[in-house]
Amino acid sequence: MEPIEAPGEWWLPDRPDGRVPGVLRIDARGRSGLTLIGELRDHLYGAERHGNADGSVSYQMTDESLTVSDRYDRVLGLVGTKEFTLLNGLRTRHSRNLMGGLPSETITFDQALRGIWLDADEPLEFDRVRAGMQWLTHWVAASGIRETHKFTEDNRPATAILEGDVLPSRRVRLGDGITVYLAHTVGVEGDRMTRRSLSQSWAFETRSTRALALKTLMTTTAHLQALVSIGTGRLAGFEELTLNHPALTHGPASHPRRYRRSIDYFAQWSFHDAETAPLGSHDMPFTLGDLGGMRAVGRWIKTIGSYGHQLDQMMATRRPPTLVRDRLFNRVAALEGYHKLRITKKKVDLKDRLIECASLTDGSFNELVADVEAWAKIAVRERNNIGHGSEPAAFEASDALFIGDSAYWLFVLCLLREMEAPAAVFDRIVQTPVFGWLKRNLVAVK
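Each position in the sequence shown, counted from 1, maps to that position plus 10 in our numbering.
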């Protein structure tokens, strides 16, 4: 996303007349900060009030009152004609001049919404979320752009034609009134004089027949993001996130839901790929077509609903910077949690849990690790060394990388088997260059 610098007026939901000028800045990672010329609350807000014997009143600031005064659950703003709602704020700087002059304060926020005002008592609920992701268009691998070239008799370019058609949306119903759409758009770029080009993108849109908590909608979106990251082998960071609210509609009374007003959603997303090199189809573990289209996406969402924590734990290890030993530890822990939920919560030796997980892949993991029992023994040994604070005598960081990466693939293969992914997916994964590279390096790990 492009960074935003938005000067405007800002106030608390319960104090609409107490407007303060300030500038909201949102960086490319979605981090929000508000710098105010003035203050949203009186400097004695939250202080303990004490009546004195002489009739005077004194105020005392305690640790508790300071904590209360520094937090802002919601701040509303107006930038031009655009409404803003800022969520979960923490004041990081507050300046007051006892000799006079304007106070100032700086507040950071977890999330920001552009296009809506939500009062203090209004629930954070929406009925749609649209997510554009890095590499999603490559993963879908369906293009609405065509090009034609004509040449002169001496082989010089004569005509170049670009055509773009918006492809039909695809969808899968998840039940309970929730449907996931895959929507295609085509755009035109250039200054019409020196350059003109077509662009295209695909985006996931989760729709509900009723308003749902934002966290619920974003859980489905996060699981879609994880699937694209696994399928492409890249971090599928969010490029755009827009929400819809049932009350924000346009159009005639006979069709009140025809036109939906979009709400831009900003938050600090650490899940972002800094890699800019083109992604070739041969580099991807599998595409949407390999997986089986949107019906398979629906099976993925339903399957992963039981292992959301383990998936989050596993995908977090792909976000830089992560130490290789932390990656190994957390990936083995995710496998242990997966086994407890899938097979049994009874006390079972960790080594046996890993071996049983490997058996769930119907031989796919054996394409990577020939001796599963020996691999499991090493994985448990190193996990214990890391968890107990001891240091192995002769275990290299590169070996921890290979064991951790193989644990990641074991987790992925287990999930794909459970959702009944087609054989083409597993055939393609084992032929991926990174899979072959990992297989060759695991042979030397002892």
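Beta carbons: idealized from backbone N, C-alpha and C, even for Gly.
Output the distance between the C-alpha atoms of residue i and residue j, rounded to the nearest integer angstrom.
i	j	result
V190	T219	12 Å
N451	T286	27 Å
R81	L345	38 Å
L100	I240	35 Å
V435	T204	43 Å
S79	D120	17 Å
L378	F445	7 Å
I396	R341	12 Å
E173	N165	23 Å
E49	N254	31 Å
P178	I388	50 Å
I311	E428	12 Å
W149	L448	23 Å
D24	P443	58 Å
E383	I155	50 Å
M393	Q210	The identity of residue 393 in the sequence shown is Arg, whereas the question assumes Met. Using only the alpha carbons, I get a separation of about 45 Å.
N376	T230	31 Å
E430	S369	15 Å
A410	T216	38 Å
L258	L128	12 Å
Kindly identify the DSSP beta-bridge partner or partners of residue i.
i	result
M143	F248
L172	E157
L425	In DSSP, L425 forms no bridge with anything.
R183	T189
Q210	V196
N254	R138
I117	L44 and R101
R25	L22
Please classify residue i: is it buried, with 16 or more other beta-carbons within 10 angstroms of its beta-carbon, or exposed?
i	result
P295	buried
D131	exposed
E115	buried
Y269	exposed
E406	exposed
L425	buried
E199	exposed
V176	exposed
S416	buried
I273	buried
V453	exposed
L476	Residue 476 falls outside the range modelled here, since the chain spans only 11 to 456, and no answer is possible.
Suppose the cutoff is 6 Å on Cβ atoms and the five residues either side in sequence are ignored; what does the same chain contact list for residue i look like?
i	result
A236	L321 and M325
K160	A168 and T169
A386	K361, L364 and I365
V390	L360 and K361
G43	R35 and T118
R183	T189
H104	E115
Once the 5 residues before and after residue i are set aside, which same chain residues still bring their CB inside 8 Å of it?
i	result
A151	S291, T297, L298 and G299
V30	E19, W20, W21, L46, I47, G48, E49 and L50
D37	P13
Spatial neighbours of residue i within its chain, please: C-beta separation below 7 Å, excluding the five flanking residues on both sides.
i	result
H349	R363, E366 and C367
G187	S218, T219 and R220
R337	T327 and G414
Determine whether the Cβ of residue i lies closer than 8 Å to any Cβ atom of chain D.
i	result
E135	As a matter of chain content, chain D is missing from the structure shown, which is built from one protein chain.
Using only the heavy atoms of the ligand MG, determine whether one of them is closer than 7 Å to the beta carbon of residue i.
i	result
A130	Ligands in the displayed structure: none, and consequently the ligand MG is not present.
Continuous beta strand (DSSP E) assignments of at least 3 residues falling wholly in the segment 77-112: Counting only runs of 3 or more, we get 81-89 and 92-105.
Minimum length 3: unbroken beta strand (DSSP E) runs contained in the segment 262-342: Inside the segment 262-342, DSSP marks whole beta strand (DSSP E) runs of 3 or more residues at positions 273-277, from first to last along the chain.
Length-filtered (4 minimum) alpha helix (DSSP H) runs lying within the segment 352-413: The DSSP assignment places complete alpha helix (DSSP H) segments of no fewer than 4 residues inside the segment 352-413 at 360-369 and 382-397, in order along the chain.
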